[in-house]
Ligand code: SF4
Ligand code: SF4
């Protein structure tokens, strides 16, 4: 027997001591809410793109400097010498995780790749405060993914959205990858962590990464080409399905007090926010976005036409009107930029001021190791 027979139907109105009467659906549609158009134009995307651009330039500069530094040692210490840019260690998240665990266990800042730890900690803090803002405001891979998705829309007319079941299945991949890395680090003692970092492989983890991209194998080219194609077809393919770093930032972002919050009274239910959300979140139906997929890109806020309807904000004040509820509660894009800059540069300055920014190894060590970096294998292999 159908369960529906036992459930009250919206088309039946039953009054006490009266027979059930079938009432036709009301011909009068729900009253359309009045739009109070936003007073100021949205600048969030312009500001975010500037921040993304600045970070791409910064990474390009660090990459070039690091390449020149490696070349100096590869050429036997001749040619232009530039000092090793410690900031390049931002590309070593596993080293950052290992060093952070070492620091938590011993209270000592590791001597090898300390910048990786400080940058990793600053990105984690960013996620605790501002959801996954790291992914959509700073990460160059995220920026490149966004660019590829835009190229895809130009070529194919739109980006595709996989079926929900496929999307859920694929999204689990990044957590599996994160779990594998986290488990490997979780079982290492402080001595093992320090020992690993001080092996030639650990010392040159950054050089090995650079060399991977300099000498791409055919397989690597094919995989990267496939990822580029998939990123044009499906928005944020890498970030959404495969990036373990983004997965970790998403898990940490659960604690963020600042979230995308919708004011049901001010909202006119136009659905524009949900339409533009790259994470396919139901922004138009929820009062706050708790999802680990929200990257605080503010594209939903930018698309919203109604004043005070959607904001990246702390919980609302108890007040009668939307304007009062969100007064000094929502974070402007400039404020988001300031918090990001404060956490990023604050951490770098702190590490520099306390003398823990650079890996301090004698030149002789690099002179011996850098030219044979490609022969160094993982100590666990
Ligand atoms: S909910 Fe808004 S801020 Fe979060 S990912 Fe979607 S569009 Fe970006
Ligand atoms: S964009 Fe979203 S939050 Fe803004 S009015 Fe439309 S449905 Fe409401």
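Numbering (the working numbering), first residue to last: 27 to 407. Positions of the beta carbon are idealized from the N, C-alpha and C atoms, including for glycine.
TODO: Could you please give me the residues that DSSP links to residue 485 through a beta bridge?
DONE: It is not possible to answer for residue 485, since the shown part of the chain is limited to 27 through 407.
Task: Rounded straight-line distance, which links the Cα of residue 268 to that of residue 172 - done: 15 Å
Task: Contact between the region 231 to 242 and the region 387 to 400 (3+ Cβ pairs under 8 Å) - done: yes
Open item on the list: Helix, strand or coil, according to DSSP, for residue 127 in the structure here?
Closed with: helix
Task: Cβ pair residue 294, residue 126 closer than 8 Å - done: Not in contact: residue 294 and residue 126 (Cβ atoms no closer than 8 Å).
Task: Inter-residue spacing [alpha-carbon to alpha-carbon] between residue 148 and residue 223 - done: 21 Å
- [ ] Name the one or two DSSP bridge partners that residue 356 has.
- [x] 339
Open item on the list: So within the region 68 to 154, which uninterrupted beta strand (DSSP E) runs reach at least 3 residues, ignoring any that extend past its ends?
Closed with: The region 68 to 154 contains no whole beta strand (DSSP E) run of 3 or more residues.
Task: Neighbour-count burial assignment, residue 373, 16 or more Cβ in a 10 Å radius - done: Residue 373 comes out buried.
- [ ] Kindly examine ligand 1 and report whether one of its heavy atoms sits closer than 7 Å to the Cβ of residue 318.
- [x] no
Task: Cβ-based neighbour list, residue 68, same chain, cut-off 6 Å, excluding 5 preceding and 5 following - done: Closer than 6 Å at Cβ, skipping near neighbours: 328.
- [ ] Work out the CA separation of residue 291 and residue 92 for me, nearest whole Å.
- [x] 53 Å
Open item on the list: Please report the straight-line C-alpha distance between residue 402 and residue 150, rounded to a whole angstrom.
Closed with: 30 Å
- [ ] Would you please state the rounded distance, in angstroms, between the beta carbons of residue 77 and residue 163? I believe it to be under 8 Å.
- [x] 5 Å
- [ ] Report back the beta-carbon spacing between residue 259 and residue 185 to the nearest angstrom; my notes put them in contact at under 8 Å.
- [x] 7 Å
TODO: Determine, using beta carbons only, whether residue 347 and residue 140 come nearer to each other than 8 Å.
DONE: no
Task: CB of residue 142 within 8 Å of CB of residue 118, strictly - done: The answer is yes: Cβ separation under 8 Å.
Task: Buried or exposed (CB count within 10 angstroms, at least 16 for buried), residue 4 - done: No information on residue 4 is available, as it lies outside the stretch 27 to 407 that the chain covers here.
Open item on the list: Whole angstroms are fine: how far does the CA of residue 257 sit from the CA of residue 178?
Closed with: 8 Å
Task: Whether residue 20 touches residue 265 by CB criterion (8 Å) - done: Residue 20 lies beyond the stretch modelled for the chain, which goes from 27 to 407, so this question has no answer here.
Task: First through last residue of the beta strand (DSSP E) which encompasses residue 285 - done: 285 to 288
TODO: Specify, as a first and last residue, the run of the alpha helix (DSSP H) that residue 351 falls within.
DONE: 348 to 351
- [ ] Report the option in 255, 95, 339, 388 whose CA atom is closest to the CA atom of residue 170.
- [x] The option with the nearest alpha carbon to residue 170 is 255.
TODO: Report all residues from its chain with a CB closer than 7 Å to the CB of residue 367; omit the five preceding and five following residues, and keep chain order.
DONE: Closer than 7 Å at the Cβ level, and outside the excluded window around residue 367, lies no residue.
- [ ] Please confirm whether residue 365 and residue 156 have their CB atoms less than 8 Å apart.
- [x] yes
Task: residue 46 - DSSP class collapsed to helix/strand/coil - done: Confidence at residue 46 is low in this model, with a pLDDT of 35, below 50, so its placement is unreliable and the value that follows should be read with caution. It is coil, neither helix nor strand.
Task: residue 197 (DSSP reduced to helix, strand or coil) - done: helix
TODO: Can you give me the Cβ contacts of residue 399 inside the same chain, cut-off strictly under 7 Å, excluding the 5 residues immediately before and after it?
DONE: 230, 233, 234, 237
Open item on the list: Using only CA atoms, which one of 276, 64, 63 lies nearest to residue 315?
Closed with: 276
- [ ] Please confirm whether residue 362 and residue 159 have their CB atoms less than 8 Å apart.
- [x] yes
Task: C-alpha distance - residue 341 paired with residue 306, whole-angstrom precision - done: 23 Å
Task: Environment of ligand 2 in chain order, Cβ to heavy atom below 7 Å - done: A residue is listed when its beta-carbon falls short of 7 Å from at least one non-hydrogen atom of ligand 2; in chain order these are 288, 293, 294, 295, 296, 297, 298, 299, 300, 309, 310, 326, 329, 330, 331, 332, 335, 336.
TODO: Decide if residue 249 is buried, meaning its Cβ has at least 16 other Cβ atoms within 10 Å, or exposed.
DONE: So residue 249 counts as exposed.
Task: Complete beta strand (DSSP E) runs within the region 261 to 321 (minimum length 3 residues, chain order) - done: 285 to 288
Task: Closer than 7 Å: residue 233 CB and nearest ligand 1 heavy atom - done: no
Task: Which residues DSSP lists as bridging residue 332, in chain order - done: 63
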